[in-house]
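So the protein sequences, as listed, match chains A and B. According to the numbering used here, the first sequence is numbered sequentially starting from 63. According to the numbering used here, the second sequence is numbered sequentially starting from -16. Glycine included, C-beta positions come from ideal geometry on N, C-alpha and C. Keep in mind that this is a model prediction, so the values were computed, not measured. Structure, as C-alpha cells:
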Amino acid sequence: MEIHGIKDILSGHPVFKDFDEETLDLLSGCGRNEHFKKNTLLYAEGDEADKVYIIRKGDVAIEIAAPGRPSIVVESLHAGDIAGWSWMVPPYRSSADARAMTEVSAVSLDANCMRGKCDEHPALGYQMFKTWLPHLTKRVRAQRLQLLDLYGTG
Amino acid sequence: MDVSNIQDPMLPRRYRVAEVWEELDDVATMSLLPIDGPPRPFKAGQFNMLYAYGVGEAAISISGDPAVPERLIHTTRNVGKVSAALTRLRAGDMLGVRGPFGSDWPVEEQKGRHMLFIAGGLGLAPLRGAICQALADRLDYEEVSLLFGARSPNDLLYRSQVAEWGAFSGANVEVTVDTAARGWTGHVGVVTTRLERILNGQDHANVSAFICGPEIMMRFTAQDLVELGVPTDKIWVSMERNMKCALGFCGHCQWGPDFVCKDGPVFRYDQIGRRLAMREI
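Rendered as C-alpha cells:
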C-alpha cells in the first residue's frame, strides 16, 4: 500500500497546489487520515462543522432528510472533492448529511485548528478564502442549475 | 439545408410504425418504415415533421443511426396534443412524415479530436445518431465521451444502450442525475460538475463538444467548456423553437437572424453564443 503524508496529499490537491511549503507545513499539522465504512456518516446536518474532508478514495452522498420521506441525495462527491465547507462560515454547523456511499478514505482537517491558523496568520486566511471561494462559487452555480429542475419538462 | 431531393417538402409521406418501445412514463421511441417509396437518407441531428393524422404536426429529431436509414427512429415525449397522439401510436399504425430537415452534427469533420457528447434529459435523442456514427469509426477519434445528465435515475433515456456504449463500444460514459434516493451509487449533480473530470488529462483545445438539452443547460455547459479551454468554434448546440413549416417560410421558429428549422437546429457556438443569453429572443 502506498503511504502518503498529509502534506503530500494537500500539495497534490487543486485547492492547495499554489500554497508554499511553509503554509502546507502549517496546514498539515491540522490534518489526519480517516476511513469510513460504507453507509456511515462523515457528518450529519446540524453537527458542529469541526472538520473538513478531502476525499481521497470512494464516494460520498450529500443528503437532505425530510420528514415522512426518504433522504434525498442532492450531490455526490468523489476522489478529489471536498466535503464540509461549513467550517469556513459561522455558525460552523453542517447544513446536510454526508454519507459514505462506498468505503471512503479522506484527509480530515481540524476546523478549529485551521481557523486558529488563519487568525494567527491573516495572509494564510486570505489565501485560503481566495483559493477556496472559486470552488464554492462553482458549486453554488451548479446547485442553482439543479434547482431549476431543467429536465422535468425539457 | 438542401431539400431539393424532396419532391414536395410540404407533402407528408406515409410511414407505418414497425415497433414501439416505452422508454419512460411519458416517452416512447418508435421505428418507422416508409410506405410511399424508398427510405430517405438523413444526417445525425436533423429532424422530421411527424404528422399524427387528424391531430397535427410536430418537429421531432431523428434518433436513428444515419448508417441505417431504412430504420427511421424517433423518440417523443408526451407534452402536447400532437406528441400525445404520437406516443399513443402502436405497431401497424400509420403517420405522415416530412423531412429530413435542418443542419446536422458535423461528426466526420471532428476525426482526430476528442469527441465529447453532452446530453441533458431527452437531449440524448438528437445526439444518438451522432454517437452511433462516432462509435462506428471509434479509432478515427482520439476519444469518444458521453456525459449524460437526467433528472433522476428513473428518467434515464436509452438506459441499456448507454450502458452498452460504455461497456463495449469504447466510449467513456458518465451518467449523472440531479437528485436520487439513497441507494443510487452513481453521480449526483448537474452535468457541469462533471466536465473537469471527464476532460481530466486531455488536451482541452483538441475537444469537440456536441451539446443537446434544455437551453439553460446548454448555455451553462458551453460557458464552462470555454472556460476550460475548449475552442468556441468546436462547440455545437442543438436548438429548439416552434418549428411549423420546417422550410423557413412561416417564420415561427425565427431566432434572431436565423430560422431554427432551416439554419439549425444544430448551430456552432461561436456564431450563436451571445444570443443564447438574450432573454428578448
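Which bits of chain B does residue i rub up against, with CB to CB less than 7 Å?
i, result
"residue 137(A)", "171, 172"
"residue 132(A)", "164, 165"
Quick one: list the residues of chain B neighbouring residue i, beta-carbon separation under 8 Å, in chain order.
i, result
"residue 204(A)", "172, 173, 175, 176"
"residue 207(A)", "173, 175, 199, 200, 203"
"residue 211(A)", "134, 161"
Just to check my reading of the structure: residue i and residue j have Cβ atoms closer than 8 Å, yes? What is that Cβ distance to the nearest angstrom?
i, j, result
"residue 78(B)", "residue 33(B)", "6 Å"
"residue 87(B)", "residue 249(B)", "6 Å"
"residue 103(B)", "residue 174(B)", "6 Å"
"residue 199(B)", "residue 210(A)", "6 Å"
"residue 168(A)", "residue 124(A)", "At roughly 14 Å, the Cβ-Cβ gap does not stay under 8 Å, so residue 168(A) and residue 124(A) are not in contact."
"residue 10(B)", "residue 105(B)", "7 Å"
"residue 118(B)", "residue 177(B)", "At roughly 20 Å, the Cβ-Cβ gap does not stay under 8 Å, so residue 118(B) and residue 177(B) are not in contact."
"residue 127(A)", "residue 173(A)", "That belief does not hold up - the Cβ atoms of residue 127(A) and residue 173(A) are roughly 23 Å apart, past 8 Å."
"residue 162(B)", "residue 136(A)", "6 Å"
"residue 81(B)", "residue 17(B)", "Wrong, their Cβ atoms sit about 12 Å apart, outside the cutoff."
"residue 52(B)", "residue 89(B)", "19 Å between Cβ atoms; not a contact."
"residue 193(B)", "residue 84(B)", "No, residue 193(B) and residue 84(B) are not in contact; Cβ-Cβ is about 19 Å, not under 8 Å."
"residue 14(B)", "residue 41(B)", "Not quite, the Cβ-Cβ distance comes to about 18 Å (not below 8 Å), so this is no contact."
"residue 156(A)", "residue 96(A)", "In fact, because the Cβ distance is near 16 Å, the residues do not count as touching under 8 Å."
"residue 63(B)", "residue -1(B)", "Not confirmed; about 23 Å, so no contact."
"residue 116(B)", "residue 27(B)", "5 Å"
"residue 109(B)", "residue 46(B)", "7 Å"
"residue 99(A)", "residue 158(A)", "Not really, about 20 Å apart at Cβ, beyond 8 Å."
"residue 127(B)", "residue 154(B)", "5 Å"
"residue 179(A)", "residue 89(A)", "7 Å"
"residue 204(A)", "residue 172(B)", "6 Å"
"residue 242(B)", "residue 231(B)", "4 Å"
"residue 207(A)", "residue 203(B)", "6 Å"
"residue 109(A)", "residue 140(A)", "Actually they do not touch by this definition, with Cβ atoms about 22 Å apart."
So which residues of chain A does residue i contact, with C-beta pairs closer than 8 Å?
i, result
"residue 70(B)", "Those do not exist, as residue 70(B) stays about 15 Å from chain A at its closest Cβ, beyond 8 Å."
"residue 138(B)", "213"
The alpha helix (DSSP H) spanning residue i covers which residue range?
i, result
"residue 210(B)", "198 to 210"
"residue -1(B)", "Per DSSP, residue -1(B) belongs to no alpha helix (DSSP H); it is in the beta strand (DSSP E), -4 to 7."
"residue 246(B)", "243 to 246"
"residue 143(B)", "142 to 151"
"residue 71(B)", "64 to 71"
"residue 119(B)", "107 to 119"
"residue 178(B)", "178 to 181"
Give the residues of chain A in contact with residue i, contact being defined as C-beta atoms less than 9 Å apart.
i, result
"residue 167(B)", "123, 135, 138, 163"
At what residues does the beta strand (DSSP E) containing residue i begin and finish?
i, result
"residue 182(A)", "Not the beta strand (DSSP E): residue 182(A) falls in the alpha helix (DSSP H), residues 173 to 182."
"residue 123(A)", "122 to 128"
"residue 78(B)", "77 to 84"
"residue 16(B)", "10 to 17"
"residue 192(B)", "190 to 195"
"residue 251(B)", "249 to 251"
"residue 129(B)", "126 to 133"
"residue 60(B)", "55 to 60"
"residue 32(B)", "30 to 35"
"residue 175(B)", "Segment: none, residue 175(B) is in no beta strand (DSSP E) and carries neither H nor E."
"residue 159(B)", "155 to 160"
"residue 98(B)", "97 to 103"
"residue 43(B)", "39 to 44"
"residue 218(B)", "218 to 221"
Going along the segment 95 to 106 of chain B in order, which residues come within less than 8 Å of chain A, judged by CB to CB distance?
-> Cβ contacts with chain A: 103, 104, 105, 106.
Along the chain, which unbroken stretches of the alpha helix (DSSP H) at least 4 residues long are found entirely within the segment 68 to 115 of chain A?
-> Correct list: 68 to 73, 83 to 90.
Unbroken stretches of the alpha helix (DSSP H), 4 residues or longer, contained in the segment 140 to 214 of chain A | For the segment 140 to 214 of chain A, whole alpha helix (DSSP H) runs of length 4 or above, ordered along the chain, are 173 to 182, 184 to 209.
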